[in-house]
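As they're listed, the protein sequences go chains A and B. 2 is the number of the first residue of the first sequence in the numbering used here; add one for each residue after it. 2 is the number of the first residue of the second sequence in the numbering used here; add one for each residue after it. Where a beta carbon is used, it is the ideal one built from N, C-alpha and C, also for glycine. This one's a predicted model, so the numbers in the text were calculated from it and none came from an experiment. To keep things clear, I will list the structure first and then write my remarks on it.
Number of protein chains: 2
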Amino acid sequence: MARAKSKTRMNGKRVVAGPVAASQGEVMEKIDGEAGKLYHDILAEKRPRMLFPVRALSNVRYVRKNRSEGFFQIKGRKTERTLTVNTVKTFAQSVRTMAQLKDVVATNDIIGKREVYYNAKSWGEVRFDEQPEADTVVDDLEAMFAVNREQFNLIAEERGGNVAGSIVIVDRDPATGSPIDVDCTKLGTAAYSVPSRVEHLAFKTKADFILVVETNQLFERLNHHAFWRDANCIIVSMSGVPTRACRRFVRRLADDKKLPVYVFTDGDPYGYMNIYRTLKVGSGNAAHINEFFCVPQARFLGVTPWDIEEFKLHDATHPLEQVDIKRARDAIKNDPFIQHHKEWRECLEKMLAMGVRVEQQAFAKHSLNYVIQEYLPKKLARPERFLP
Amino acid sequence: MARAKSKTRMNGKRVVAGPVAASQGEVMEKIDGEAGKLYHDILAEKRPRMLFPVRALSNVRYVRKNRSEGFFQIKGRKTERTLTVNTVKTFAQSVRTMAQLKDVVATNDIIGKREVYYNAKSWGEVRFDEQPEADTVVDDLEAMFAVNREQFNLIAEERGGNVAGSIVIVDRDPATGSPIDVDCTKLGTAAYSVPSRVEHLAFKTKADFILVVETNQLFERLNHHAFWRDANCIIVSMSGVPTRACRRFVRRLADDKKLPVYVFTDGDPYGYMNIYRTLKVGSGNAAHINEFFCVPQARFLGVTPWDIEEFKLHDATHPLEQVDIKRARDAIKNDPFIQHHKEWRECLEKMLAMGVRVEQQAFAKHSLNYVIQEYLPKKLARPERFLP
Numbered sequence: 002m003a004r005a006k007s008k009t010r011m012n013g014k015r016v017v018a019g020p021v022a023a024s025q026g027e028v029m030e031k032i033d034g035e036a037g038k039l040y041h042d043i044l045a046e047k048r049p050r051m052l053f054p055v056r057a058l059s060n061v062r063y064v065r066k067n068r069s070e071g072f073f074q075i076k077g078r079k080t081e082r083t084l085t086v087n088t089v090k091t092f093a094q095s096v097r098t099m100a101q102l103k104d105v106v107a108t109n110d111i112i113g114k115r116e117v118y119y120n121a122k123s124w125g126e127v128r129f130d131e132q133p134e135a136d137t138v139v140d141d142l143e144a145m146f147a148v149n150r151e152q153f154n155l156i157a158e159e160r161g162g163n164v165a166g167s168i169v170i171v172d173r174d175p176a177t178g179s180p181i182d183v184d185c186t187k188l189g190t191a192a193y194s195v196p197s198r199v200e201h202l203a204f205k206t207k208a209d210f211i212l213v214v215e216t217n218q219l220f221e222r223l224n225h226h227a228f229w230r231d232a233n234c235i236i237v238s239m240s241g242v243p244t245r246a247c248r249r250f251v252r253r254l255a256d257d258k259k260l261p262v263y264v265f266t267d268g269d270p271y272g273y274m275n276i277y278r279t280l281k282v283g284s285g286n287a288a289h290i291n292e293f294f295c296v297p298q299a300r301f302l303g304v305t306p307w308d309i310e311e312f313k314l315h316d317a318t319h320p321l322e323q324v325d326i327k328r329a330r331d332a333i334k335n336d337p338f339i340q341h342h343k344e345w346r347e348c349l350e351k352m353l354a355m356g357v358r359v360e361q362q363a364f365a366k367h368s369l370n371y372v373i374q375e376y377l378p379k380k381l382a383r384p385e386r387f388l389p
Numbered sequence: 002m003a004r005a006k007s008k009t010r011m012n013g014k015r016v017v018a019g020p021v022a023a024s025q026g027e028v029m030e031k032i033d034g035e036a037g038k039l040y041h042d043i044l045a046e047k048r049p050r051m052l053f054p055v056r057a058l059s060n061v062r063y064v065r066k067n068r069s070e071g072f073f074q075i076k077g078r079k080t081e082r083t084l085t086v087n088t089v090k091t092f093a094q095s096v097r098t099m100a101q102l103k104d105v106v107a108t109n110d111i112i113g114k115r116e117v118y119y120n121a122k123s124w125g126e127v128r129f130d131e132q133p134e135a136d137t138v139v140d141d142l143e144a145m146f147a148v149n150r151e152q153f154n155l156i157a158e159e160r161g162g163n164v165a166g167s168i169v170i171v172d173r174d175p176a177t178g179s180p181i182d183v184d185c186t187k188l189g190t191a192a193y194s195v196p197s198r199v200e201h202l203a204f205k206t207k208a209d210f211i212l213v214v215e216t217n218q219l220f221e222r223l224n225h226h227a228f229w230r231d232a233n234c235i236i237v238s239m240s241g242v243p244t245r246a247c248r249r250f251v252r253r254l255a256d257d258k259k260l261p262v263y264v265f266t267d268g269d270p271y272g273y274m275n276i277y278r279t280l281k282v283g284s285g286n287a288a289h290i291n292e293f294f295c296v297p298q299a300r301f302l303g304v305t306p307w308d309i310e311e312f313k314l315h316d317a318t319h320p321l322e323q324v325d326i327k328r329a330r331d332a333i334k335n336d337p338f339i340q341h342h343k344e345w346r347e348c349l350e351k352m353l354a355m356g357v358r359v360e361q362q363a364f365a366k367h368s369l370n371y372v373i374q375e376y377l378p379k380k381l382a383r384p385e386r387f388l389p
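Printed below as a string of structure tokens:
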């Protein structure tokens, strides 16, 4: 894989951007290379075999890129799948799925995981009996080739997030291939819905930053008042925990245009850990692809426990529930990301001491557009204070 | 409310389109009218009172517009809220919320339900203690004024659905008000994300029909191959049960441009009842607004149990589970929509007799694009056979 490194300037610090994703030609070469090895093993009357990285938390490390950035990465341990009487079905499924995915990439088509499963119904004895069988084979191939499944042109059912603001997204007409510019300042009250695969997109923008928000409701408020025009930014709505496509879109855009990424979620453990941390460093059980899906540029704008005091939100908070307290305590004790960043430990400890959580809509207590007129301008004036 | 009726031609039959939604001016007049009555009651030293329709299934009827169309509608029974010692808090909340919503409409701003709740934190003694209190007041006002909450400029958290194809959506720049045309043939591999409120949108299209599909995955396949260009249609993805915004968008577009609506879901009770029936006639517990959110033009394209036979999908089906069987039997016995349409009863009975369900991705069994090359063209050639 081409691991072209590029330099990125963010908040005045130089950081190293991640690997460039494999292009379609490279993916096909990888599949051909692996298939060629199997073919020659067979001709040489050797047992054909495939090597897959072990996909488990025990085979994961937290990779630090510098003081403030890192992601979960898969370690070297591999498992071997040799052709035997016991493995013949899985082995055949892996090879046929490789052929199927190569065909999809070669014809520039797309395929859903559910279609992988159904398409195999014509394979006779080696058809997949259940969806999880197909998923495992796809995940194994993804890990073996060190690509993400979007590079196999695999699409997910989940929607990718909404985008508006000062950006032109360069796409192509899927049928004719002619280039298409989508101007996200010209979508009215609506938004650009990020497609499942974003590898082929290019970007034109003079925006200063990307503002990623948790709720679609806040996104609509920011868009309704064209906040992105006044702040010269791009706004992205995650609608909760960000999907792979949303994370990859923000990552590619931030890498390509060297933009800082500011994240605005509810002030609770779910917002901090499940949403922000997933966007920034990825998730533990998908370590073999986190490298593509993490957004190391991400910085946390708010809502922090300190914001509750500064912006007088006390009477718009909610008491922490048991599940919040447990999640925060577990994170302080066990989460390598939190342990790595003392600012985050302090944030969780402050939240536990205050005993309350706060939502990003809470600013409406002052007035509906306080969040636009007061909170965001004040916070954005001092990005160096954002949490890592 | 202006109940301007317009004639629509669909599948050769003449049908009557529904009421035109109240414009912003009308909503403000309604609020002023109600507030004026309260004011004069107080001046005349009468106890002020408000009348709300009872929002319960017992106050709902199934309204038939003709042989094949109808929706759940609220009946006339009303409940009175008079100012007394016991009702003073709810009464005050209702009046203040009326004022708040009038202000939002007057300034052409938007507001989320969560913001209604938080904004009331400054109301002192009559603040909402919990979100459901605020929701009830909003729902009551919606029923009292016979508007939908989108006409109060209330937005939901849920996203509205994805759109692509032969249509230009006429919107405005939210900040400047300048008109904006969004050409949905020029979005590349991405889609138009329907905003929470669609009342202000206008449409330009020469499409022949709207194709509404259950899964985003199928939507992306249709879009990837620009199916909408070959079929001259507009494609909409619901991503499961359609949101209010998605239903309202399809309804307004279909009314305005007099377009038939064809719906393509999985072939199971969830697809038939929870998705298709909700889109077509609305849901039982929101009868006071179904009139705006039903899509009477909708016709069911597939997947039907008969399609399993015609398109040889037997080996790509799944056995019905107990929950499917129960849902289908309950519907045959109790659902007024199913009872009204013998075609639907036959469909559910056929499904129960076959004992299997089928997904819309199952066509991938033949080949990935069989659904585009074979299934849809064959079905679309005979729309008169679609289920009502």
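| query | result |
| --- | --- |
| Contacts around A:Asp182, its chain only, beta-carbon distance under 7 Å, and the 5 residues preceding and following it disregarded | Val169 and Val171 |
| C-alpha distance - B:Ile276 paired with B:Cys348, whole-angstrom precision | 16 Å |
| Test: A:Leu369 CB closer than 8 Å to a CB of chain B | yes |
| Spatial distance of B:Ile236 from A:Met29 (CA atoms) | 32 Å |
| Contact between the segment 332-346 of chain A and the segment 359-366 of chain A (3+ Cβ pairs under 8 Å) | no |
| B:Thr98 versus A:Glu221 - alpha carbon distance | 21 Å |
| Separation of B:Thr318 from B:Val359, as counted between CA atoms | 5 Å |
| Buried or exposed by the 16-neighbour rule on C-beta atoms within 10 Å, applied to A:Leu202 | buried |
| A:Glu200 beta carbon less than 8 Å from that of A:Glu143 | no |
| Helix, strand or coil at B:Trp229 [DSSP, three-state] | helix |
| Alpha-carbon to alpha-carbon, A:Arg328 and B:Leu302 | 47 Å |
| Counterpart residues of A:Ser238 in DSSP-defined beta bridges | A:Asn163 and A:Val214 |
| Residues from the segment 185-198 of chain B in contact with chain A, defined by Cβ distance under 9 Å | Thr186, Lys187, Leu188, Gly189, Thr190, Ala191, Ala192, Tyr193, Ser194, Val195, Pro196, Ser197 and Arg198 |
| Partner residues on chain A for B:Gln362, Cβ-Cβ distance less than 7 Å | Gly113, Arg115, Glu116 and Tyr119 |
| Where B:Lys79 sits in the DSSP three-state scheme | strand |
| C-beta contact flag for B:Thr279 and B:Val304 at 8 Å | no |
| Chain A contact residues for B:Pro378, given Cβ-Cβ distances below 9 Å | Within chain A, no residue comes near B:Pro378; the closest Cβ sits about 16 Å away, beyond 9 Å. |
| Beta-carbon proximity of B:Arg82 to B:Thr91, cut-off 8 Å | yes |
| CA-to-CA distance, A:Lys187 to A:Phe294, given in whole angstroms | 28 Å |
| Beta-carbon separation (whole angstroms), B:Leu388 vs B:Arg300, contact threshold 8 Å | 7 Å |
| Proximity test, A:Gln218 beta-carbon vs the ligand COA heavy atom, cut-off 7 Å | Although the ligand COA was asked about, the structure shown includes no ligands whatsoever. |
| Interface residues of chain B facing A:Arg230 [CB-CB closer than 8 Å] | Ala176 |
| Local Cβ density within 10 Å of B:Tyr40, reported as buried at 16 or more and exposed below that | exposed |
| Given A:Gln94 as reference, the closest of A:Ser284, A:Phe250, A:Gly125 and A:Pro270 once Cα atoms are compared | A:Gly125 |
| Alpha-carbon spacing of B:Asp269 relative to B:Leu353, whole angstroms | 10 Å |
| Sequence-distant residues of the same chain with beta carbon closer than 8 Å to A:Arg115, five excluded per side | Gln132 and Glu158 |
| Test item: CB-CB of B:Val214 and B:Ser238 under 8 Å | yes |
| Counterpart residues of A:Pro133 in DSSP-defined beta bridges | BP columns for A:Pro133 are empty, so no partner. |
| Collapsed DSSP secondary structure at A:His315 in the structure displayed | helix |
| B:Gln323 classed as buried or exposed, judged by whether at least 16 other C-beta atoms fall within 10 angstroms | exposed |
| Contact with chain A by B:Asp316, beta-carbon distance below 8 Å | yes |
| Host alpha helix (DSSP H) of B:Lys379 (start-end) | Leu377 to Leu381 |
| Within the segment 295-372 of chain A, ranges of the beta strand (DSSP E) (whole runs, at least 3 residues) | 299-303 |
| Those residues which DSSP pairs with A:Asp172 across a bridge | A:Ile181 |
| Where the segment 38-53 of chain B meets chain A: residues whose CB sits under 9 Å from a CB there | none |
| Contacts of B:Asp110 in chain A (Cβ-Cβ under 9 Å) | Arg222, His225, His226, Leu369 and Asn370 |
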